[in-house]
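What follows is a set of notes on a single structure, which appears directly below.
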Amino acid sequence: MPKNRFHLKVILNVLGSMLFFNGLFMLACLPIALIYQAEGGGMMEMAGFWEFLIPGLGSILFGLGSWFATRKHSGNLSKRDGYLIVSLGWLLMSVVGALPYYLFGGVEFPDFACALFESVSGFTTTGASVINDIEAMPRSILFWRSLTHWIGGMGIIVLTIAILPLLGIGGMQLFVAEAPGPTADKLHPRITETAKRLWVIYVMLTVVETILLLFCGLDLYHAVNHAFATVSTGGFSTQNASLAAYGPAVHYVVIVFMFLSGMNFSLTYWGLKGQLHRIWRNEEFRAYLFSVLIITAIATALVFSYDPQKLNVSLEEAFRDALFQVIAVITTTGFVTEDFTAWGPFLKVVFFLMMFMGASAGSTSGGVKIVRHILILKNGILEFKRQLHPHAILPLRYNKKAVEGKIAYNVLAFFLVYMALYCFGCLIMAAWGFDFETVLGSVATSLGNVGPGLGQVNPVSNFAFFNQGQKFFLSFLMLLGRLELFTVLIVLTPFFWKKY
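Per UniProt numbering, the very first residue in the sequence shown carries number 1; after that it's consecutive.
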């Protein structure tokens, strides 16, 4: 008799653990509501209190119940289990994470589509928002937005693996299914140790940035929120004007940490151990660095020579705005100091193309990732050589090592599927009647987890004008992009569910 290939007890056990952690994070917002209610926030902040207490306790209870009922399991996970856990886990976290917004309601969250969009945008670190007046929202709600960034940046699965070693070797299946990039770099033979070290680096970057932002004049609340959004390359701000509300010192601090967060975290680990040569030898890092420098130089020159909005812009200001926006888009952070769509058609196209870059694999950024572009470019050059020398053995090399054929095929397949999904998404949005720039920008920024786009979703606008169906569709694209396409798409195929 055929039987199902899924280990249901293990799946429910991990999902229960994720719900439990999600509930704990929700309850962490309660002190924010109480503190600012005592300082004069009034009923607005107390409204935020109940919106976190109810779903937070519910998430903890359901999580503990699921975990306790399935605690006696083998601990072995197949690839199918891994894909299913990651896909269902992120969907479950997004739905539960939307409850505080939905229960708060009001003008900003009139329906569940708005609440889910904000939640998905937070967990996937996209940074697109439906809130028109951010500064009028309860601080507990804004803290939850930033916290969802921070949770989703490193990944709730990585957190689960780090804290619950009971998964054993099967945890690798979750790590691979969620890791951003064509390969999952292990810092230790044991995957639980790798997860712990990644989270230590993540927390350390967050703490250091928070301290530096405090020195720049931000209070603790705004410093923590922006550190969460920066290190996760998310982009949610507590200000209507985003980072334009702050001065040069804050901009430069955020620039540094956006760049660091766009690096492969394994390189950051080796750098902290004093092995800086391993960073410079990495092809992806060099391409990442030179891309930022070259595009920034071009943007600085164009902004300084011609800016219709600020005729008296200084060279330093042009450089800072250009560098900030280049790094914000490449790393898919999405913070804003200036509207880059107002910098002329050439730079508008440049920034649009950067939405398809992404930063490094193994970072918190979204997008295609630079390593994939490198491998595609190298493989294309090799094809020219193979045409001239059909009998020559010309291996594809990366970091001076031959790349396995399956990785090269995976990269090519990913890029093909990514562009096919992008075209499909554009057709869907075009069928809804949006203008050309809004169609291109909304799909690119959602699938790439960038945040700002073109047209009606430009850097000084938001996504509130979309109807419920459009918000659900764009939320789906954000999840696809964050989970590297295949993790979700595989679950949607009929053969994934076949029995043997």
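In this text, a Cβ means the ideal position worked out from N, Cα and C, and glycines have one as well.
Since we're looking at a predicted model, the values are computed, not measured.
Through-space distance from residue j to residue i, alpha-carbon basis
| i | j | result |
| --- | --- | --- |
| leucine 61 | leucine 12 | 14 Å |
| phenylalanine 434 | serine 475 | 17 Å |
| valine 443 | phenylalanine 465 | 15 Å |
| histidine 188 | valine 403 | For histidine 188, the predicted model reports a pLDDT of 48, less than 50, meaning its position is unreliable; a value from the coordinates is still stated below. So the alpha carbons of these two residues sit roughly 22 Å apart. |
| glycine 455 | glycine 425 | 16 Å |
| glutamate 209 | phenylalanine 257 | 7 Å |
| glutamine 275 | arginine 281 | 11 Å |
| glutamine 387 | phenylalanine 356 | 29 Å |
| leucine 174 | alanine 136 | Reliability of the predicted coordinates at leucine 174 is poor, the pLDDT of 46 falling under 50, and no value is obtained from them. |
| tryptophan 432 | asparagine 467 | 10 Å |
| proline 138 | glutamine 239 | 12 Å |
| tyrosine 221 | valine 457 | 28 Å |
| proline 110 | tyrosine 101 | 9 Å |
| valine 235 | valine 439 | One detail in the question is off: residue 235 reads as glycine in this sequence, not valine. Each residue's Cα considered, the two are about 21 Å apart. |
| isoleucine 393 | lysine 385 | 10 Å |
| leucine 88 | alanine 98 | 15 Å |
| leucine 212 | glutamate 193 | 29 Å |
| isoleucine 32 | lysine 400 | 50 Å |
| leucine 416 | isoleucine 490 | 15 Å |
| isoleucine 279 | alanine 115 | 40 Å |
| alanine 195 | glycine 271 | 18 Å |
| leucine 147 | glutamine 325 | 23 Å |
| serine 237 | tyrosine 252 | 16 Å |
| residue 518 | proline 395 | Residue 518 falls outside the range modelled here, since the chain spans only 1 to 500, and no answer is possible. |
| methionine 204 | phenylalanine 215 | 17 Å |
| glutamate 178 | asparagine 312 | With a pLDDT of 45 at glutamate 178, under the threshold of 50, the modelled position of that residue is not reliable, and the figure given next carries that caveat. Taking the straight line from one Cα to the other gives about 47 Å. |
| glycine 469 | threonine 233 | 27 Å |
Contact under 9 Å by Cβ, residue i with residue j
| i | j | result |
| --- | --- | --- |
| threonine 230 | phenylalanine 335 | yes |
| tryptophan 144 | phenylalanine 49 | no |
| valine 303 | alanine 318 | yes |
| alanine 361 | glutamate 284 | yes |
| glycine 63 | glycine 23 | yes |
| threonine 125 | glycine 366 | yes |
| leucine 84 | phenylalanine 21 | no |
| serine 363 | asparagine 264 | yes |
| glycine 344 | tyrosine 306 | yes |
| threonine 332 | glycine 358 | yes |
| glycine 56 | leucine 15 | no |
| leucine 421 | isoleucine 376 | no |
| glycine 217 | valine 254 | no |
| arginine 482 | glycine 127 | no |
| leucine 267 | threonine 296 | no |
| alanine 113 | phenylalanine 472 | yes |
| phenylalanine 104 | isoleucine 141 | yes |
| isoleucine 327 | valine 292 | yes |
| serine 242 | proline 494 | no |
| phenylalanine 414 | leucine 479 | no |
| serine 78 | methionine 26 | no |
| glutamate 108 | valine 130 | yes |
Cβ-based burial, residue i [other Cβ within 10 Å; buried from 16]
| i | result |
| --- | --- |
| glutamine 37 | buried |
| valine 133 | Before going further, note that residue 133 is aspartate rather than valine in the sequence given. The residue in question, aspartate 133, is exposed, as its Cβ has fewer than 16 Cβ neighbours within 10 Å. |
| methionine 354 | buried |
| aspartate 219 | exposed |
| tryptophan 497 | exposed |
| arginine 320 | buried |
| serine 314 | exposed |
| alanine 299 | buried |
| glycine 262 | buried |
| leucine 352 | Residue 352 is actually phenylalanine in this sequence, not leucine. Phenylalanine 352 should be labelled buried. |
| valine 488 | buried |
| proline 248 | exposed |
| threonine 206 | buried |
| leucine 492 | exposed |
| methionine 419 | exposed |
| leucine 427 | exposed |
| methionine 154 | buried |
| histidine 149 | buried |
Contact test: residue i Cβ vs the ligand HEM heavy atom, cutoff 8 Å
| i | result |
| --- | --- |
| tyrosine 418 | By its list of ligands, the structure shown contains no ligand whatsoever, and the ligand HEM lies outside what it can speak to. |
Check whether the segment 63-72 touches the segment 9-25, taking contact to mean three or more Cβ pairs, one atom from each stretch, closer than 8 Å. yes
Please confirm if the segment 102-122 is in contact with the segment 218-228, defined as three or more CB-CB distances below 8 Å between the two stretches. no
Spell out a yes or no on whether the segment 337-355 and the segment 370-384 are touching, meaning 3 or more CB-CB pairs, one atom from each, closer than 8 Å. no
Meets three-Cβ-pair contact criterion under 8 Å: the segment 92-110 and the segment 445-463: no
Entirely within the segment 103-151 and at least 4 residues each: give me those alpha helix (DSSP H) ranges in chain order. You should have 112-123.
Taking the runs of the alpha helix (DSSP H) that are 4 residues or longer, which of them lie wholly in the segment 7-41? 8-27 and 30-36
Let me know the alpha helix (DSSP H) ranges lying completely inside the segment 390-462, each 4 residues or longer, listed in chain order. 405-431 and 436-447
Entirely enclosed alpha helix (DSSP H) segments - the segment 289-354, minimum 4 residues: Complete alpha helix (DSSP H) runs here, min 4: 315-330 and 345-354.
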